[in-house]
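Chemist: One structure coming up, written as structure tokens, with questions to follow.
There are 4 protein chains.
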Amino acid sequence: MSAQPRRSRAIDIEDKVKRRSDIERAAAELLKQDIDALPSVSDIAKAAGLAKGTLYLYFETKEAIYFSILARHYCTLLASLDSFFRNDRQSANPIDEAVGLIADFVRLNPDFMPLACQSAAVLERKVDEEVIVEFKSRLLTDMGQVSEAICRRIAGLTGADCVQLLIQTHAMLLGLWQMQHLPAEVNCILRSRGLAALIPDFDSGIRQALRQLWQGALLVRAG
Amino acid sequence: MSAQPRRSRAIDIEDKVKRRSDIERAAAELLKQDIDALPSVSDIAKAAGLAKGTLYLYFETKEAIYFSILARHYCTLLASLDSFFRNDRQSANPIDEAVGLIADFVRLNPDFMPLACQSAAVLERKVDEEVIVEFKSRLLTDMGQVSEAICRRIAGLTGADCVQLLIQTHAMLLGLWQMQHLPAEVNCILRSRGLAALIPDFDSGIRQALRQLWQGALLVRAG
Amino acid sequence: MSAQPRRSRAIDIEDKVKRRSDIERAAAELLKQDIDALPSVSDIAKAAGLAKGTLYLYFETKEAIYFSILARHYCTLLASLDSFFRNDRQSANPIDEAVGLIADFVRLNPDFMPLACQSAAVLERKVDEEVIVEFKSRLLTDMGQVSEAICRRIAGLTGADCVQLLIQTHAMLLGLWQMQHLPAEVNCILRSRGLAALIPDFDSGIRQALRQLWQGALLVRAG
Amino acid sequence: MSAQPRRSRAIDIEDKVKRRSDIERAAAELLKQDIDALPSVSDIAKAAGLAKGTLYLYFETKEAIYFSILARHYCTLLASLDSFFRNDRQSANPIDEAVGLIADFVRLNPDFMPLACQSAAVLERKVDEEVIVEFKSRLLTDMGQVSEAICRRIAGLTGADCVQLLIQTHAMLLGLWQMQHLPAEVNCILRSRGLAALIPDFDSGIRQALRQLWQGALLVRAG
DNA sequence: CATGAATGAGTCTTCATTCAT
DNA sequence: AATGAATGAAGACTCATTCAT
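Protein chains in written order, with my numbering: chain R, 5 to 227; chain B, 5 to 227; chain L, 5 to 227; chain Y, 5 to 227.
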């Protein structure tokens, strides 16, 4: 009398993977429209052309959807860095280029920073331990690899230094993004009152801050 | 329909100021017990020994209470920095000392960072424009003063550089604190799985990161 | 965070219609117990044996529930009038009979007038535009039909006159009901102080007033 | 140290009466700005240049202020009617003129109908019994007088008929005004959707309805 | 596998009135 | 008489999640 599936069933593992990523795609799209709050499950389901319940067949919670999206972003970014630093082509200024690479990534993936900022306070609170651990392990591994790649290209830094540096870089991304991303209204007011100096421009700000941070690292280690 | 004041009335301006700060004190105390979410107005009122309605005589919204607490923290911190840098006593290593001063402040005021992290996303959304503007103006002025004091003590930095540096410092505080402040559960798990490397120790982390940042600033400006 | 439906699910459209009317029935019942204020959503839900949230699956707001009840009353009343005036059976005194029909309807539906009185000031303020427009359009149509039926039976009145008359009739219902429906206390006092003359008896009052109004209409149009 | 009266004290009975009417004037003025809800006590006090508490020295409740305003309006209107019907000048059409007088009064006193509509449901619920009784007694007397004056001028109506007629007239005023006074938004929508026929024009509507009612009364009594 | 109906916890804010000063 | 600080009750609505179909 009802409960007839409208969408075809995902039976093969392949289909299931596909469906998972369909859901993520829809969720990401929705987030970009308003980065200030996670969309409702209802809306995500609608956007994905699925029923609410179906989402729960693929993710334990709404936050798990976004955690998954975020995790992929982190992996992609680290992979970019890794391939950059492993690249044979000698670069006159690897730090600046790496920083540019990061800044570009943030700019091209407007859902990355909003999710990253909510990771600890919102997402991880509602995601399965196992999922978190798996991701963080992967992260640690990837960061280790990147770090090695980096220290091979930048004299004066050990692998541990580079891990440290990556963590600091991440912190700086989080902090600067939040300082720049004020509620639209507040933003408006501050700008109109001559208080724009308190709102760092993210793109240029991050380039400069990271350059200082990395250069500073060399200096401190050297000294 | 109700009435019978239980508490004495704050009639003089002095008493009112006192009552305002009583409310803030109660609210801050409550926050320290669970820094992950703002306490309910009901609880704050109870803790302050006042009726809910009375809180609204002193603050427009719950968030305004916490915004006020946060604002005072910022002012105090900037004043500390200012007095530090204006102090005649020559310091061999002003950067390290300033960084230590900041790290100590954060440690001694456990409600500071949680509030700072929620400022843009939560507090400022529900506080009167005027209150925000007034505070941010003050902030800008104070930062200007501190910056001047700093650049007089640290050769090679202009006032604008120092403002920049203060903003970066703030961003680094925000970012590192969030990376370190994971939900207790997650924290626990990560540590037990050998993933502690992903959780920077805030106190030492911030000291190191800020040192790099400030040294890096000198370097970049010099170069 | 919750769940466990207690009531069976309304899956078919039929079941849904049934559930909607179950809610309305419960809400109407509650209103009759105290016609001076709309019951709380909590109470309605309890009376209907449903969770609060469930009500919101069927109505946008509490007021929408009562608007729906009221709308049905209007339609029923107009249908009664329509069928009365279309009835072949010749009536010696159609006006008196129609007026009696209206008075009876009001008496038999004690929630009708209280709701009608709150329609503009309370209900319509919190009901979706579309719902209002749909109902009012229907009302206009129905009134048009009734008006035609009336003017065919009562010589000397055009269709437009009859629409006018229906509106006046409605106004008189509203006004008289409010004059009669004083707070129980006030009512009591006035009666005990010989001021009963100021409290028209609704049932007889409406019969007489409408008779005058309709007869007056004939006269005015004729003259 | 405080609690110093800002306004001079009203000690003479005259001053007190004056102050009462100052309050009423301020309250009435405020109501005209938004006839959809009684202004807050705070606002009335501010508008009157007095403290909230002071208002309660002159009126038992907020509603009592408006009840008093309304009472005066009723008395004024009845006095107008009385003087009109007692006037020697013969009028060709006393009914039409009386109706015009009423319609004009409503138009010139935009706070009258909103208050009248709230009298039973809102005001009388929160006004002292004695005040209500006193007013209603006065009302009954005045209506009696007017009724006598009317029946002397309009053949075919007894005094009791005229009292009846006045009550019906009042009911019609209440009902029509409410039908016409929709929330601005709803009003707008209905007009734009061709449903304006459901919104009677008050001024012309009341003239016509009352004419019918009074003519009808003559007819019914005659017949 | 897919669906979507049902659940219910959780909370801020207003404002008429009182009464200490 | 005048003031205005203090009181506290009262209630709608959202939305993540479950599980019967």
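Where a beta carbon is used, it is the ideal one built from N, C-alpha and C, also for glycine. Just so we're clear, the structure is a prediction, and the values are computed from it rather than from any experiment.
If I measure Cβ to Cβ from residue 83/Y and keep anything under 8 angstroms in the same chain, skipping five residues before and after, which residues do I get?
Modeler: Taking the fourth sequence and counting its residues from 1, the one referred to as residue 83/Y is at position 79. Once the five neighbours on either side are set aside, the close Cβ partners of residue 83/Y are 146.
Chemist: Going by the CB atoms, is the gap between residue 200/Y and residue 167/L shorter than 8 angstroms?
Modeler: The residue you call residue 167/L lines up with position 163 of the third sequence. The residue you call residue 200/Y lines up with position 196 of the fourth sequence. Going by C-beta atoms, residue 167/L is not nearer than 8 angstroms to residue 200/Y.
Chemist: Once DSSP output is grouped into helix, strand and coil, what is the label at residue 191/B?
Modeler: On the second sequence, residue 191/B is found 187 positions in, with the first residue counted as 1. Reduced to three states, the DSSP call for residue 191/B is helix.
Chemist: Just verifying my parser: in three-state terms, what is the DSSP assignment at residue 23/L?
Modeler: Within the third sequence, numbered from 1, the residue matching residue 23/L stands at position 19. Reduced to three states, the DSSP call for residue 23/L is helix.
Chemist: If you measure beta-carbon to beta-carbon, which residues of the segment 149-183 of chain Y are closer than 8 angstroms to chain L?
Modeler: 167, 168, 171, 172, 174, 175, 176, 177, 178, 179, 180, 182 and 183
Chemist: Within this structure, are the beta carbons of residue 139/Y and residue 75/Y separated by less than 8 angstroms?
Modeler: By one-based count along the fourth sequence, residue 139/Y stands at place 135. By one-based count along the fourth sequence, residue 75/Y stands at place 71. The answer is yes: Cβ separation under 8 angstroms.
Chemist: The segment 191-206 of chain R: which residues have C-beta closer than 7 angstroms to a C-beta of chain B, in chain order?
Modeler: 193, 194, 197, 199, 201, 202 and 204
Chemist: So if I threshold CB-CB distances at 8 angstroms, which residues from the segment 122-138 of chain B count as touching chain R?
Modeler: Residues 124, 125, 128, 129, 133, 136 and 137.
Chemist: What does the Cβ neighbour count give for residue 49/L, buried or exposed, with the cut at 16 atoms within 10 Å?
Modeler: Residue mapping note: residue 49/L aligns to position 45 of the third sequence, counting from 1. It is buried - the Cβ of residue 49/L has at least 16 other Cβ atoms within 10 Å.
Chemist: CA-CA distance, residue 212/Y and residue 52/Y?
Modeler: In the fourth sequence, the residue the question calls residue 212/Y occupies position 208. In the fourth sequence, the residue the question calls residue 52/Y occupies position 48. Each residue's Cα considered, the two are about 40 angstroms apart.
Chemist: Hey, does residue 43/B have any beta-carbon neighbour from chain R nearer than 8 angstroms?
Modeler: In the second sequence, residue 43/B corresponds to position 39, counting from 1. Against chain R, the CB of residue 43/B has no partner CB under 8 angstroms away; the residue lies outside that interface.
Chemist: Kindly indicate which three-state DSSP category residue 11/L falls into: helix, strand or coil?
Modeler: By 1-based counting over the third sequence, the position of residue 11/L is 7. In the structure shown, residue 11/L sits in coil (DSSP, three-state: anything other than H, G, I, E or B).
Chemist: Take the Cβ of residue 31/R as the centre, count every other Cβ of all protein chains shown within 10 Å, and call the residue buried at 16 or more, exposed below.
Modeler: Position 27 of the first sequence, counted from the first residue, corresponds to residue 31/R. By the 10 Å Cβ count, residue 31/R comes out buried.
Chemist: Let me confirm a value: residue 61/B is counted as buried when at least 16 other C-beta atoms fall within 10 Å, else exposed. Which label applies?
Modeler: In the second sequence, counting from the first residue as 1, residue 61/B sits at position 57. Exposed.
Chemist: The ligand NAD and residue 179/B: does the residue's C-beta get closer than 7 angstroms to at least one heavy atom of that ligand?
Modeler: With respect to the ligand NAD, the structure offers nothing, as it holds no ligand at all.
Chemist: What span of residues does the alpha helix (DSSP H) with residue 57/L cover, start to end?
Modeler: What you label residue 57/L is simply residue 53 of the third sequence in a count that begins at 1. 56-62 is the extent of the alpha helix (DSSP H) around residue 57/L.
Chemist: Counting only beta-carbon atoms, is residue 77/B nearer than 8 angstroms to chain R?
Modeler: Here residue 77/B is taken as the residue at index 73 of the second sequence, counted from 1. Chain R, which has no Cβ nearer than 8 angstroms to the Cβ of residue 77/B, makes this no.
Chemist: List the residues of chain L whose Cβ lies closer than 9 angstroms to the Cβ of residue 245/Y, in chain order.
Modeler: Since the first and last residues shown for chain Y are 5 and 227, residue 245/Y lies out of range.
Chemist: Using a beta-carbon distance cut-off of less than 8 angstroms, what residues from the segment 212-224 of chain B approach chain R?
Modeler: Here the close residues are 212, 213, 215, 216, 217, 218, 219, 220, 221, 223 and 224.
Chemist: Measure from the alpha carbon of residue 163/B to the alpha carbon of each residue in 71/B, 130/B and 149/B, then state which is nearest.
Modeler: Residue numbering aside, residue 163/B sits at position 159 when the second sequence is read from its first letter. Among 71/B, 130/B and 149/B, the Cα nearest to that of residue 163/B is on 149/B.
Chemist: Using 8 angstroms as the limit for Cβ to Cβ distance, is residue 114/B near chain R?
Modeler: Reading the second sequence from its first residue, position 110 is the one you call residue 114/B. Residue 114/B does not count as touching chain R.
Chemist: Between the Cα of residue 81/L and those of 206/L, 196/L, 174/L and 198/L, spot the shortest distance and give me the residue it belongs to.
Modeler: Reading the third sequence from its first residue, position 77 is the one you call residue 81/L. Comparing Cα-Cα distances from residue 81/L to each of 206/L, 196/L, 174/L and 198/L, the minimum goes to 174/L.
Chemist: Chain R beta carbons: is any one of them nearer than 8 angstroms to that of residue 186/B?
Modeler: Locating residue 186/B in the second sequence gives position 182, where the first residue counts as 1. By this cut-off, residue 186/B is an interface position.
Chemist: Can you tell me the Cα-Cα spacing of residue 27/R and residue 152/B, whole angstroms?
Modeler: Taking the first residue of the first sequence as position 1, residue 27/R is located at position 23. Taking the first residue of the second sequence as position 1, residue 152/B is located at position 148. Each residue's alpha carbon lies about 52 angstroms from the other.
Chemist: Flag this pair as touching only if the segment 35-46 of chain R and the segment 101-119 of chain R have three or more C-beta atom pairs under 8 angstroms; answer yes or no.
Modeler: Remark: three or more beta-carbon pairs, one from each stretch, lie closer than 8 angstroms, so the segment 35-46 of chain R and the segment 101-119 of chain R are flagged as touching.
Chemist: Take residue 2/Y as the anchor and find which of 217/Y, 160/Y, 143/Y and 44/Y has the nearest alpha-carbon.
Modeler: Missing from the structure shown is residue 2/Y; chain Y here goes from 5 to 227 and no further.
Chemist: Note down, in chain order, each residue of its chain lying with its Cβ closer than 8 angstroms to the Cβ of residue 106/L, except the 5 sequence neighbours on either side.
Modeler: Here residue 106/L is taken as the residue at index 102 of the third sequence, counted from 1. Excluding positions up to five away in sequence, the list reads 81, 85, 173, 177, 210 and 214.
Chemist: Which of the three DSSP states is assigned to residue 5/Y in this structure?
Modeler: On the fourth sequence, residue 5/Y is found 1 positions in, with the first residue counted as 1. With a pLDDT of 40 at residue 5/Y, under the threshold of 50, the predicted position of this residue should be treated as unreliable, and no value is reported.
Chemist: Apart from the five residues on each side of it in sequence, which residues of its chain come closer than 8 angstroms, Cβ to Cβ, to residue 103/B?
Modeler: Counting from one through the second sequence, the residue named residue 103/B turns up at place 99. Around residue 103/B: 210, 211, 214, 215 and 218.
Chemist: When you compare each of 189/R, 125/R and 24/R to residue 189/B by their alpha carbons, which one comes out closest?
Modeler: Counting from 1 along the second sequence, the entry for residue 189/B is found at position 185. With distances taken between Cα atoms, residue 189/B lies closest to 125/R.
Chemist: Within the segment 148-199 of chain R, note down every full beta strand (DSSP E) run reaching 3 residues or more, in order along the chain.
Modeler: none
Chemist: Taking the straight line between their C-alpha atoms, what separation do you get for residue 225/B and residue 101/R?
Modeler: Along the second sequence, read from residue 1 onward, the residue named residue 225/B stands at position 221. Along the first sequence, read from residue 1 onward, the residue named residue 101/R stands at position 97. Cα to Cα, residue 225/B sits roughly 19 angstroms from residue 101/R.
Chemist: As a quick exercise: from 198/L, 143/L, 109/L and 89/L, pick the residue whose alpha carbon is nearest that of residue 159/L.
Modeler: Position 155 of the third sequence, counting from 1, holds the residue named residue 159/L. Ranking the options by Cα distance to residue 159/L, first place goes to 89/L.
Chemist: Residues of chain B with CB under 7 angstroms from residue 144/R, in chain order?
Modeler: In the first sequence, the residue the question calls residue 144/R occupies position 140. Result: 199, 201 and 202.
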